[in-house]
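Visitor: Can you read through this structure? Questions will come right after.
There are 2 protein chains.
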Amino acid sequence: MTSEKSQSDQSFVPSYLLYLLAKVSDRASAEFHAHARAEGLRVPEWRVLASLTDEDGAMTTRLAWLSMMEQSRLTRIIDQMVERGLVIRRSDPQDGRRVRVFLTLEGRALALRLREDAQAHEARILARLDPEDAARLKPLLATMLEQLEAPEGDQSMSRHSGTGVSGAPSVK
Amino acid sequence: MTSEKSQSDQSFVPSYLLYLLAKVSDRASAEFHAHARAEGLRVPEWRVLASLTDEDGAMTTRLAWLSMMEQSRLTRIIDQMVERGLVIRRSDPQDGRRVRVFLTLEGRALALRLREDAQAHEARILARLDPEDAARLKPLLATMLEQLEAPEGDQSMSRHSGTGVSGAPSVK
DNA sequence: CGGTATTATATGAAATTTCATATTGTTTGC
DNA sequence: GCAAACAATATGAAATTTCATATAATACCG
């Protein structure tokens with residue numbers, strides 16, 4: 001009943017790692033993103049707010065990295081968030097090139113509220129899993145992320161980021 | 001050395017499940033997407049081609065679901081792929097509303113080539129992990145996906161998909 | 001120091017994406 | 001059979017996103 005699939009070798013997509021990652025991320029996030037939307041935030045905006053709850057005053061390059069979007073896109077999203085009164089921009093007194101973004105009172109209130117919801121939602125997702133798996137999931141992902149961000153034994157198909165932003169650790 | 005983070009409670013984003021999922025997916029995929037781009041394909045196009053290697057002749061709604069994009073976007077991407085000679089459209093003789101998409105010879109050649117590369121790349125990613133983790137990763141993700149797609153014990157923040165497409169099993 | 005490379009952000013213009021809705025074809029119930 | 005409800009895809013117009021590049025500020029080097 002699985003429908004058409006009389007192709008060459010074997011079915012590829014449903015068990016392809018990058019597909020599984022993207023799909024799980026997409027599906028899991030969709031649940032929360034619907035909630036964020038109901039609060040009037042689109043995905044990129046929610047990501048920026050969430051990032052700022054951790055690092056208020058982060059520079060835009062950093063926010064772009066955290067929010068996984070390209071720099072010029074972030075600039076425009078911040079524009080909208082400023083207009084909407086969720087954040088403000090202030091240029092860094094130490095380095096005039098940098099623009100730091102801060103939550104307004106309203107922005108912070110919304111961000112913290114959603115952050116709670118996000119944590120509750122995460123708990124529900126984990127609760128649907130077998131406890132062993134649930135316990136391993138985040139550490140596993142965190143480890144993968146380290147591997148992926150380390151230019152180390154860089155045997156990969158290197159080059160280009162996809163977000164177009166470097167912003168990683170950036171030791172300074 | 002973790003840089004600024006003197007916020008309220010604790011750092012949220014770096015250990016938030018949906019962030020980890022999105023970021024791992026983003027980083028891991030970026031490696032391969034750079035390769036696909038080098039072959040002249042953008043992400044959505046690669047996803048469509050890959051899906052077609054599994055299900056040549058899939059209807060566009062199905063492709064939209066597999067490729068995680070909204071239906072009207074897919075329509076336009078198929079337009080471009082048709083122009084480019086990678087796929088062709090044929091309306092379903094059984095049901096004139098449906099449009100089925102097929103790989104051309106050129107499309108298939110490219111798709112199969114990239115599919116090989118994708119598998120090799122996946123192997124490299126898994127090889128960077130601890131073998132135990134590597135073995136558990138895909139099954140774990142597959143399980144999660146099932147949970148997420150089951151409208152079962154639907155206690156979640158339901159509604160709206162994010163891709164805007166239903167396309168799931170669709171038992172008919 | 002002064003010039004050059006570099007870094008951070010912004011911006012114009014083209015391309016893509018979204019959202020709502022139009023089209024076209026099919027199913028259902030009477 | 002036919003009208004109403006549905007389904008699958010396409011399309012217009014607005015909004016967003018991308019890509020290349022401009023602008024502004026700092027760092028670096030002889």
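Chains A and B, in that order, give the protein sequences.
Numbered according to UniProt numbering, the first sequence spans residues 1 to 172.
Numbered according to UniProt numbering, the second sequence spans residues 1 to 172.
Ideal placement from N, C-alpha and C gives every residue a C-beta, glycine not left out.
All figures in this text were calculated on a predicted structure; none of them were measured in a lab.
#1: From residue 16 of chain B to residue 126 of chain A, what distance separates their C-alpha atoms?
#2: Let me check you understand the geometry: is the CB of residue 83 of chain B closer than 6 Å to at least one non-hydrogen atom of the ligand GDP?
#3: Pull up the distance between the alpha-carbon of residue 83 of chain B and that of residue 42 of chain B, whole angstroms please.
#4: Is it buried or exposed for residue 106 of chain A, if we count other Cβ within 10 angstroms and need 16 for buried?
#5: What is the residue span of the beta strand (DSSP E) that residue 90 of chain B lies within?
#6: For chain A, find out if any of its Cβ atoms is closer than 7 Å to the Cβ of residue 12 of chain B; answer yes or no.
#7: For chain B, is any of its Cβ atoms less than 7 Å away from the one on residue 67 of chain A?
#8: So is residue 29 of chain A in contact with chain B if we call contact Cβ pairs under 7 Å?
#9: Secondary structure at residue 59 of chain B, three-state DSSP: helix, strand or coil?
#10: Using the rule of at least 16 other Cβ atoms within 10 Å of the residue's Cβ for burial, across every protein chain shown, is residue 116 of chain A buried or exposed?
#11: Can you grab the Cα-Cα spacing for the pair residue 120 of chain B / residue 91 of chain A, in whole Å?
#12: Give a yes or no on whether the C-beta atoms belonging to residue 141 of chain A and residue 20 of chain B are separated by under 7 Å.
#13: With C-beta atoms as the reference, is residue 128 of chain A less than 7 Å away from residue 147 of chain B?
#14: In angstroms, rounded to a whole number, what distance separates the CA positions of residue 133 of chain A and residue 118 of chain B?
#15: When the Cα atoms are used, what is the spatial distance from residue 39 of chain B to residue 100 of chain A?
#16: From what residue to what residue does the alpha helix (DSSP H) around residue 140 of chain B run?
#17: Tell me, which residues are paired with residue 101 of chain B by DSSP?
#18: With C-beta atoms as the reference, is residue 111 of chain A less than 7 Å away from residue 18 of chain A?
#19: Secondary structure at residue 12 of chain B, three-state DSSP: helix, strand or coil?
#20: Alpha carbon to alpha carbon, how far is residue 172 of chain A from residue 123 of chain A?
#21: Tell me, to the nearest whole angstrom, how far the beta carbon of residue 86 of chain B is from that of residue 104 of chain B; I am working on the premise that it is less than 8 Å.
#22: For residue 94 of chain A, report the span of its alpha helix (DSSP H) as first-last.
#23: In three-state terms, what does DSSP make of residue 41 of chain B?
#24: Taking the CB atoms as reference points, tell me whether residue 25 of chain A and residue 25 of chain B lie closer together than 7 Å.
#25: Using a Cβ-Cβ cut-off of 8 Å (strictly less than) and excluding sequence neighbours within five positions of residue 58 of chain B, which residues of its own chain qualify?
#26: Is the Cβ-Cβ distance between residue 114 of chain B and residue 23 of chain A less than 7 Å?
#27: Closer than 6 Å by C-beta to residue 5 of chain B: which residues in its own chain qualify, once you throw out the five before and the five after it? Chain order, please.
#28: Taking residue 122 of chain B as the query, report the chain A residues whose CB atoms sit under 9 Å from its CB, ordered along the chain.
#29: Under DSSP, the alpha helix (DSSP H) around residue 76 of chain A begins and ends at which residues?
#30: Does the beta carbon of residue 144 of chain A come closer than 7 Å to any beta carbon on chain B?
#31: Buried or exposed for residue 93 of chain B, going by 16 or more other Cβ atoms inside 10 Å?
#32: According to DSSP, is residue 128 of chain B helix, strand or coil?
#33: Using beta carbons (cut-off 7 Å, strictly below), is residue 82 of chain B in contact with chain A?
#34: Which chain A residues sit within Cβ distance under 8 Å of residue 98 of chain B?
#35: Between the segment 92-118 of chain A and chain B, which residues of the former have a C-beta closer than 7 Å to a C-beta of the latter?
Guide: Let's see:
#1: On the second sequence, position 16 is the one that residue 16 of chain B refers to. On the first sequence, position 126 is the one that residue 126 of chain A refers to. Using only the alpha carbons, I get a separation of about 12 Å.
#2: Looking for the ligand GDP in the displayed structure turns up nothing, as the structure carries no ligands at all.
#3: Residue 83 of chain B sits at position 83 when you count from the first residue of the second sequence. Residue 42 of chain B sits at position 42 when you count from the first residue of the second sequence. Approximately 15 Å, taken between the alpha carbons.
#4: Numbered from 1 along the first sequence, position 106 holds the residue referred to as residue 106 of chain A. Flag for residue 106 of chain A reads exposed.
#5: Numbered from 1 along the second sequence, position 90 holds the residue referred to as residue 90 of chain B. Residue 90 of chain B -> beta strand (DSSP E) spans 87-91.
#6: Start at 1 with the first residue of the second sequence, and residue 12 of chain B comes out as number 12. True, the Cβ-Cβ gap to chain A drops below 7 Å.
#7: Reading the first sequence from its first residue, position 67 is the one you call residue 67 of chain A. Output row for residue 67 of chain A: interface = no.
#8: Against the first sequence, residue 29 of chain A aligns to sequence position 29. Taking Cβ atoms only, chain B reaches closer than 7 Å to residue 29 of chain A, which makes this a yes.
#9: Counted from its first residue, the second sequence places residue 59 of chain B at position 59. It is a strand residue.
#10: Counted from its first residue, the first sequence places residue 116 of chain A at position 116. Flag for residue 116 of chain A reads exposed.
#11: Indexing the second sequence from 1 puts residue 120 of chain B at position 120. Indexing the first sequence from 1 puts residue 91 of chain A at position 91. If I take the Cα positions, the gap works out to 46 Å.
#12: The residue labelled residue 141 of chain A in the question sits at position 141 within the first sequence. The residue labelled residue 20 of chain B in the question sits at position 20 within the second sequence. Yes, these two residues count as a Cβ contact at 7 Å.
#13: Here residue 128 of chain A refers to the residue found at position 128 of the first sequence. Here residue 147 of chain B refers to the residue found at position 147 of the second sequence. Yes. Within cutoff.
#14: By one-based count along the first sequence, residue 133 of chain A stands at place 133. By one-based count along the second sequence, residue 118 of chain B stands at place 118. Between residue 133 of chain A and residue 118 of chain B, the C-alpha separation is close to 26 Å.
#15: For this step, residue 39 of chain B is matched to residue 39 along the second sequence. For this step, residue 100 of chain A is matched to residue 100 along the first sequence. If you take the alpha carbons of residue 39 of chain B and residue 100 of chain A, they lie about 38 Å apart.
#16: Against the second sequence, residue 140 of chain B aligns to sequence position 140. Looking at the DSSP string, the run of the alpha helix (DSSP H) that includes residue 140 of chain B is 131-149.
#17: As a working note, residue 101 of chain B is residue 101 in the second sequence. Answer is B:58 and B:89.
#18: Numbered from its first residue, the first sequence carries residue 111 of chain A at position 111. Numbered from its first residue, the first sequence carries residue 18 of chain A at position 18. Not a contact, by the Cβ cut-off of 7 Å.
#19: Counting from 1 along the second sequence, the entry for residue 12 of chain B is found at position 12. DSSP places residue 12 of chain B in coil when its eight states are reduced to three.
#20: Counting from one through the first sequence, the residue named residue 172 of chain A turns up at place 172. Counting from one through the first sequence, the residue named residue 123 of chain A turns up at place 123. Legend: pLDDT at residue 172 of chain A = 34, less than 50; position of this residue unreliable, value from coordinates given subsequently. C-alpha separation (whole angstroms): 36 Å.
#21: Counting from 1 along the second sequence, the entry for residue 86 of chain B is found at position 86. Counting from 1 along the second sequence, the entry for residue 104 of chain B is found at position 104. With 8 Å as the limit, residue 86 of chain B and residue 104 of chain B qualify as a contact, their Cβ atoms being about 6 Å apart.
#22: Here residue 94 of chain A refers to the residue found at position 94 when the first sequence is read from its first residue. Annotation for residue 94 of chain A: no alpha helix (DSSP H) segment contains it, and DSSP assigns it neither H nor E.
#23: Counting from one through the second sequence, the residue named residue 41 of chain B turns up at place 41. The answer is coil: DSSP assigns residue 41 of chain B none of H, G, I, E or B.
#24: Taking the first residue of the first sequence as position 1, residue 25 of chain A is located at position 25. Taking the first residue of the second sequence as position 1, residue 25 of chain B is located at position 25. A contact, by the Cβ cut-off of 7 Å.
#25: Working through the second sequence from its first residue, we reach residue 58 of chain B at position 58. Closer than 8 Å at the Cβ level, and outside the excluded window around residue 58 of chain B, lie 51, 52, 66, 100 and 101.
#26: Within the second sequence, the letter at position 114 stands for residue 114 of chain B. Within the first sequence, the letter at position 23 stands for residue 23 of chain A. For the pair residue 114 of chain B and residue 23 of chain A, the CB atoms are not nearer than the 7 Å cut-off.
#27: On the second sequence, residue 5 of chain B is found 5 positions in, with the first residue counted as 1. Its pLDDT being 45, under 50, residue 5 of chain B is placed unreliably by the model, and nothing is read from it.
#28: The count along the second sequence starts at 1 and reaches residue 122 of chain B at position 122. Simply 16, 17 and 18.
#29: Indexing the first sequence from 1 puts residue 76 of chain A at position 76. Where residue 76 of chain A is concerned, the enclosing alpha helix (DSSP H) stretches over 71-83.
#30: As a first step, residue 144 of chain A must be located in the first sequence, where it is residue number 144. Chain B, which has a Cβ nearer than 7 Å to the Cβ of residue 144 of chain A, makes this yes.
#31: For the purposes of this step, residue 93 of chain B is identified with residue 93 of the second sequence, where counting begins at 1. Of the other Cβ atoms in all chains shown, fewer than 16 fall within 10 Å of the Cβ of residue 93 of chain B; this residue is therefore exposed.
#32: In the second sequence, the residue the question calls residue 128 of chain B occupies position 128. Assigned with DSSP and collapsed to three states, residue 128 of chain B falls in coil, not helix or strand.
#33: The count along the second sequence starts at 1 and reaches residue 82 of chain B at position 82. For residue 82 of chain B, the answer is no, since every Cβ of chain A falls outside 7 Å of its Cβ.
#34: Mapped onto the second sequence, residue 98 of chain B falls at position 98. Result: empty, since nearest Cβ-Cβ is about 12 Å, beyond 8 Å.
#35: 115 and 118
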